[in-house]
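Here the protein sequences come in this chain order: A and B.
Each residue of the first sequence is one higher than the one before, starting from 16 at the first, in our numbering.
Each residue of the second sequence is one higher than the one before, starting from 16 at the first, in our numbering.
2 protein chains.
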Amino acid sequence: MKSFDKFFYPKSIAIIGASSKPGNLSYELIGNLLKFNYIGKIYPINTKSDVVNTLKAYKSVTDVSDEIELALIMVPKALVIPAIDDCHKKKINSVILITAGFRETGEEGEKLENELLTKIRNCNIRLVGPNCMGIINSKPDVSMNGTFVLGNPLFGGIGFCSQSGALGAAVVKTVQQNDIGLGQFISIGNKADVTENDILKYWKDNNDVKVITLYLESFANPKEFMKICREITKIKPVILIKAAKTNAGMRAASSHTGALASADAIANAIIEQSGVIRVNTVEEMFDIAKAFDKAKMPKGNRAGILTNAGGPAILCVDECEKSGLTVPELQEKTKNEIAKIAPPEASLHNPVDLLPPATADVWAKAAEFMIEDENIDSLIVIIGPPLTYDTVEIMTAVYEAVKHSEKSVLFTMMSQDENIPKMQTSVPEHPPLFKFPEPPARTLGEMLKFKKWKERESKEKIKFEVRKEKVQEIFDSLKTKGEFYLEFEDVYKILKYYGIPIIESVSVTDEKGALNTAQDIGYPVVLKCIGKELIHKTDVGGVKLDIKSKDELLNSIKDIKESLKSKNLLSKLEGFLIQPFYKGGLETIFGIVNDNSAGHMIMFGLGGIMVEILKDVKFRLAGFDETDAYDMIESLKGYELLKGIRGQKAVDIDFVVENLLKLSKLIEDFPVIEELDLNPFVFSHQREKCKILDARIKLIMP
Amino acid sequence: MKSFDKFFYPKSIAIIGASSKPGNLSYELIGNLLKFNYIGKIYPINTKSDVVNTLKAYKSVTDVSDEIELALIMVPKALVIPAIDDCHKKKINSVILITAGFRETGEEGEKLENELLTKIRNCNIRLVGPNCMGIINSKPDVSMNGTFVLGNPLFGGIGFCSQSGALGAAVVKTVQQNDIGLGQFISIGNKADVTENDILKYWKDNNDVKVITLYLESFANPKEFMKICREITKIKPVILIKAAKTNAGMRAASSHTGALASADAIANAIIEQSGVIRVNTVEEMFDIAKAFDKAKMPKGNRAGILTNAGGPAILCVDECEKSGLTVPELQEKTKNEIAKIAPPEASLHNPVDLLPPATADVWAKAAEFMIEDENIDSLIVIIGPPLTYDTVEIMTAVYEAVKHSEKSVLFTMMSQDENIPKMQTSVPEHPPLFKFPEPPARTLGEMLKFKKWKERESKEKIKFEVRKEKVQEIFDSLKTKGEFYLEFEDVYKILKYYGIPIIESVSVTDEKGALNTAQDIGYPVVLKCIGKELIHKTDVGGVKLDIKSKDELLNSIKDIKESLKSKNLLSKLEGFLIQPFYKGGLETIFGIVNDNSAGHMIMFGLGGIMVEILKDVKFRLAGFDETDAYDMIESLKGYELLKGIRGQKAVDIDFVVENLLKLSKLIEDFPVIEELDLNPFVFSHQREKCKILDARIKLIMP
């Protein structure tokens, strides 16, 4: 038996704190279990009354002689711990704690929640909540509505896990009118013990759940979320609303990478890397979920549209184009066949517009010709007023005509909410039903994206070696503790040891050394000041580019010294760095940042305008693979620039990937690295010309 | 009496082609007039039956002795012209032709439509349609549902004009359940005579229409649309769905500007320049429309949120941030007052979460404290299940508590469609009602944008002079007819005469001339080939930059000649152009394109990546004013670049505007210009350094 079966498929439920007063939430919850014909036994626990909502009530779970598989606790918060003790005595290991007043109310509540957590861990109890709304399994052989929301859940393949009880309640209340086949629902509240990750793991192997939907305000453990979702999305889709996108309370960042690592950028990275479909609204979430639940997966992106409503069909075409679908011409054969049966003024191009006066028989035949058309992969049927014939009769006939096809079929019934329950009765196995012309197009687009994700091949062609032990030596030799920037010489060596191409850089202490080095390297050169306290070199006037001669070099050294002097920083100067001056190529930026909750993230983006104005960068949790790295690069707005525009050659994208993988390895080997900027990292089509021109590493040494 | 009053406020209607058979569209239309209690007289015209749907029927309108103000024609298409003749005889000047089968069906139908048009113009009749769905005025003293859509229009300040009958029907059918106060509706079908522009003009001065909504697939006359909308939007908002965004059938463009002028870019330009709010879906359109209809205009962007549903409130906060609103902390006073009455576990920060157990009285008091809070400009109330008390009672109490405030109030009632009609009865003057937490935030954002548009001040500080007569001389001297590119020397002169700063350019015929000119101008210089047939100079190797010396110049001339020779183009070489070599500054692109339907459009954008990758350019119809030009520039994604990033100085933006105005003047003076590219036009913070480095003008001479 699976770990959470007792939550979702309990044979008996105790409601601890079951009120005998109608209107009270616990009374309503028992009412829902009864009304929805729960198949198991219900044990109300009430210390005062011996009957609750027609059922025999007990003083304590320990008074019940039969086994109890699940306890729903709804007592006032002061009585929660004793109730848990009772559960333990009764050997109940699955508890849903609906009672509120814990961590969400402040310090005192947080203390109580911690106490609770210790208690259940000692008792070997798994606990959902506190501050949650209950559980639903609408499968006919369970029929459990274990919530206090008045609503008649509609069975289907969708699982919904919500961090917000109120949002869950709002959804549960409208599943029928919105045709959402909500098979399983769980409200996880404060996530004190059971988190979304537990539910995800459970649903992964649960055959009743075909599509997983989530509402989250925070990730319990982003890294684990990613790991689990990557496994799940090989089998079934996960659709997520990640709310609370504000950046309030973000820590101040000292690096360029840190400044770009907004809470939402990090969340997006985790979601993209997980293969999870991110949506913005509840409507959108369930539109997509019901398509996955009830439509077949499209084989390609060519949509056929059959309608009686020209305007809505055009809106659907517009949305198809936005969602990566095409609406191609039909085969001549198809048009000819439809012409024979359709009203004389019907439009036979795709969208096929049958106009109001078409009978169910005409609709069905037209649908049949279209679904067999070799030019299309999916069929969207849009029916709206004015209606001369009965919608349900028409749509039932259409369904019968196309149900054997392997192509995707989606229905929009505009302005006919009253017909949705009728369709549910007439055709229990109906295609997904939408209320507007755009969602079927949008959902097909998401299905195609998911298909691509599922089918993506794992690349493993890039090999490289790193010298971990040499970098270890550098870290071992450091004497400073706490948070500090590495000296450039160490940065240089570390990158070299990991095969990350930092530009040739020689440090010198005086004019003579500078002149000799410049001679060796060859003009033009770059001159930079060195000094532990001179981190922001440009800001202090400590960088000179494109130095073409001896004289220029000497003047530049003079300039830097004067600039430092004017800022009272001359005493901090420890020497100079000489590098070849590098021109051309495409500027990129690589970075590492340590997110408070997710851990180390690698960043990549294009330099210049793309980062400055458009913040066009992508993050990924360290430890990603080669395929992820390509995805990351290809998802940039400026990806075309890497591929070369206006006749320029593409940069060596494989080498970009290789360097991302090396950075990922570096941070996995040395998590003391807190932040890293490689900026700019210049790329060219020739690998030997790809160079980092400046780099910084910040550590936090324990 | 206003021109279209007889359409929207008729005292008597004839239905020509009124069937006596139930189920027939004309029978249903008369049924709707009756059911909705139309206040005027109805005259069914039926050649066979003398009674239709309980009403006395006539053989012809000419048999009716009383005056008829409006005729709805629903006869088969072959009988339309005779019906029009009858109307003319009866002195009916307002006709709605519902019959289909005209232009939309192809060539033959188009012929018939043209005939029809000639006929009505001769008869001095204004005609709506053909191929349309009718008209509605739900104002209680008119009560006309002149459509065949079963639905009970809800009176309010929204006017809706739809090019699609089906979409109109879908909307009309759901006005009540979606709380859309649809005062007036008109389906304009094929727009043979009456177009959206006529309706817009009429609604401009109609006090019953407070908000105009439109569904369009094409603009009847884009320029006129813009002109009318600019006038209307000084008074009331216009919200538009512009469908059919595809670029199918776009003409091939030879200029850079032309290539960027997609159908949707042009449509967007017209819409932005009109002050019209563009939306993508019907839901969004009416969400915004009902906010304008029923909420007060927000004075600022600070929103307060009052709720019993934490999750939905967070989704609302996220949407506020996306829509340019803030959700600030409330005043201490407010929080203290709410604390005294709210349930102990309520959250007192904004959003204020009263949790399920709050009574109507608590809700009302909390709302009152919040609306008086000086930190907020608007109040969004979100109520969702689980509900311990009655929603309608709560929302009625909240409305009573805040109705006297000048601040904007918006209600979301989640998952409670059944309560919407109850609210309509309980509080006829209720605030706009939404079903989801995001729309009130989005609509407030749109209201603030509209406010800004309405209040924008007309700038008129830029003055310049042009020498139109000198350019006229150039055009007069041209001998070529048809489509051709101007020679660079003429382009140069034209721009000079309009004060548009083309870089100093001297044409020479041989090496000697080149050397002398370069000497005069000063090295480095740019060398370009000249030749009527050498338009794409770069492609033929005819451009050399940064020439630093005599020798380099001679070599460059040699190189160009060799390149032309290798392409068999040497005979086309007519000479060379010498220009100073210009480095630095911000590259922009200016252009003119002649759109088939809208006419001449001016384009502006930033060069390089911004145009190549992001297509970040804006178009405006020629003839715009200074304020428009600033709007155009400020609406670019890359606007920040013009203002200067990373410590760079802002470019002379006033000078960008001045040049846009000059181009606009140029094209108004000389509409024979078909396309123009100024690319690159380099800008700096110093006006004298702003220069066009290359320019092309294509003419179509009659």
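All residues carry an ideal CB built from backbone N, CA and C; glycine is no exception.
- An exposed status is given to His551 (chain B), since fewer than 16 other beta-carbon atoms sit within 10 Å of its beta-carbon.
- Listed in chain order, the non-local C-beta contacts of Asp574 (chain A) below 8 angstroms within the same chain comprise Gly556 and Lys559, local neighbours out to five positions each way being set aside.
- Using beta-carbon distances, Phe163 (chain A) counts as an interface residue toward chain B, with a partner under 8 angstroms.
- Cys244 (chain A): not part of any beta strand (DSSP E); member of the alpha helix (DSSP H) spanning Pro237 to Ile247, first to last residue.
- In chain order, Gly290 place their CB closer than 6 angstroms to the CB of Thr248 (chain B), counting only its own chain and leaving out the 5 sequence neighbours on each side.
- Between Glu461 (chain A) and Ile292 (chain A), the C-beta spacing is below 8 angstroms.
- In the DSSP assignment, Glu299 (chain B) falls within the alpha helix (DSSP H) that extends over Val297 to Lys309.
- Using a Cβ-Cβ cut-off of 7 angstroms, Glu627 (chain A) is close to Ile660 and Arg661 of chain B, given in chain order.
- Against chain B, the beta carbon of Ser581 (chain A) has no neighbour under 8 angstroms; the closest one sits roughly 18 angstroms away.
- Counting the other Cβ atoms within 10 Å of the Cβ of Asp302 (chain B) gives 16 or more, which makes it buried.
- By DSSP's assignment, Arg293 (chain A) forms a beta bridge with A:Leu255.
- Closest option to Glu352 (chain B), judged by alpha-carbon separation, among B:Ser578, B:Asn236 and B:Ala381: B:Ala381.
- Exposure of Val66 (chain B) is indicated by the presence of fewer than 16 other C-beta atoms within 10 angstroms of its C-beta.
- Contact check for Pro313 (chain B) and Ser423 (chain B): beta-carbon distance about 4 angstroms, within the 8 angstroms limit, so the pair qualifies.
- The CB of Thr120 (chain A) comes closer than 7 angstroms to the CB of Glu360 in chain B, given here in chain order.
- Scanning A:Pro155, A:Leu165, A:Val209 and A:Met148 for the CA closest to the CA of Ala181 (chain A) turns up A:Met148.
- Spanning the alpha carbons of Lys658 (chain B) and Arg702 (chain B) requires a straight line of approximately 15 angstroms.
- Residues of chain A whose Cβ lies closer than 8 angstroms to the Cβ of Ile329 (chain B) are, in chain order, Ser179, Glu232, Ala258 and Ala259.
- Shown in chain order are the members of the region 616-646 of chain A whose Cβ falls below 8 angstroms from a Cβ of chain B: Gly623, Ile624, Met625, Glu627, Ile628 and Leu629.
- Of all alpha-carbon atoms in B:Lys630, B:Lys706 and B:Leu651, the one lying nearest the alpha-carbon of Gly273 (chain B) is that of B:Lys630.
- In the DSSP annotation of this structure, Pro443 (chain A) is not part of any beta strand (DSSP E), being labelled neither H nor E.
- In summary, the residues of the region 280-308 of chain A whose CB is separated from some CB of chain B by less than 8 angstroms are Asn295, Thr296, Val297 and Glu298, in the order they occur in the chain.
- Going by beta carbons, Gln199 (chain A) and Gly161 (chain A) fall outside the 8 angstroms limit.
- Using a CB distance cut-off of 8 angstroms, Phe698 (chain A) does not count as an interface residue toward chain B.
- When the five nearest sequence neighbours on each side are left out, the beta carbons in the same chain lying within less than 6 angstroms of the beta carbon of Cys335 (chain B) are those of Ala318, Val342 and Ala456, in order along the chain.
- A straight line joining the alpha-carbon of Thr349 (chain A) with that of Phe384 (chain A) spans about 6 angstroms.
- If the five residues before and after Val157 (chain B) are omitted, its C-beta is found closer than 7 angstroms to the C-beta atoms of Tyr24 and Ile54, all from its own chain and listed in chain order.
- If you check the CB distance, Leu621 (chain B) and Leu651 (chain B) come in under 8 angstroms.
- Taking Ala93 (chain B) as reference, the option from B:Arg661, B:Thr77, B:Ser233 and B:Pro145 with the minimal CA-CA separation is B:Pro145.
- With contacts defined as CB atoms closer than 8 angstroms, Ala280 (chain A) and Phe634 (chain A) qualify as a contacting pair.
- Shown here, Lys71 (chain B) sits in a strand according to DSSP, grouped into three states.
- Flagged as an interface residue toward chain A: Pro400 (chain B), by a C-beta distance shorter than 8 angstroms.
- For Pro59 (chain A), the uninterrupted beta strand (DSSP E) run begins and ends at Lys56 to Ile60, by DSSP.
- Shortest Cα-Cα distance from Phe170 (chain B) to any of B:Glu84, B:Cys138 and B:Phe51 involves B:Phe51.
- Taking 8 angstroms as the upper bound for CB-CB distance, Leu459 (chain B) and Ser393 (chain B) are in contact here, some 6 angstroms apart.
- At a Cβ-Cβ threshold of 8 angstroms, Ile707 (chain B) and Ile489 (chain B) do not count as neighbours.
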